[in-house]
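Residue numbers (the working numbering): 146 to 271.
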């Protein structure tokens with residue numbers, strides 16, 4: 146997804162007579178973070194929780210620039226038709242949210258920008 150996005154942005158740059166974006170795809174996020182802190186890369190494009198976590202893990206060596214865009218919720222996939230399994234997971238996640246554990250987890254890992262407010266099944270309240 147990020148490669149497609151960067152390619153489109155690079156095309157806009159070249160169409161405007163500016164240099165293309167030099168893309169450096171990496172296999173692991175840790176490699177990207179090391180490239181940034183080692184000054185072998187000038188920026189990274191990733192999901193906002195990944196960016197927030199990289200900033201938190203580098204003790205101020207990195208910063209977020211710009212705003213999140215094209216955001217989408219993440220989910221937990223379970224086998225279809227497996228009784229009340231999905232409902233049990235939804236209830237467990239909601240319980241973590243209700244008692245504050247979920248917030249503590251997302252705060253600890255510096256990914257609160259991607260937090261949700263309610264646990265749902267297939268987009269409907271569970």
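C-beta atoms are modelled at their ideal positions from N, C-alpha and C, and glycine is treated no differently.
Secondary structure of residue i, DSSP reduced to three states
i: residue 266; result: strand
i: residue 255; result: coil
i: residue 219; result: coil
i: residue 151; result: helix
i: residue 246; result: helix
i: residue 160; result: helix
i: residue 209; result: coil
i: residue 165; result: coil
i: residue 214; result: coil
CB-CB length for residue i against residue j, believed under 8 Å
i: residue 172; j: residue 199; result: Not a contact, Cβ separation roughly 15 Å.
Straight-line gap, residue i to residue j (C-alpha atoms, nearest Å)
i: residue 206; j: residue 236; result: 39 Å
i: residue 163; j: residue 154; result: 11 Å
i: residue 151; j: residue 180; result: 17 Å
i: residue 250; j: residue 238; result: 12 Å
i: residue 167; j: residue 212; result: 21 Å
Residue i: first and last residue of the uninterrupted alpha helix (DSSP H) it sits in
i: residue 175; result: 174-182
i: residue 191; result: No alpha helix (DSSP H) contains residue 191, which DSSP labels as neither H nor E.
Closest residue to residue i among the options (Cα-Cα distance)
i: residue 255; options: 218, 196 and 231; result: 196
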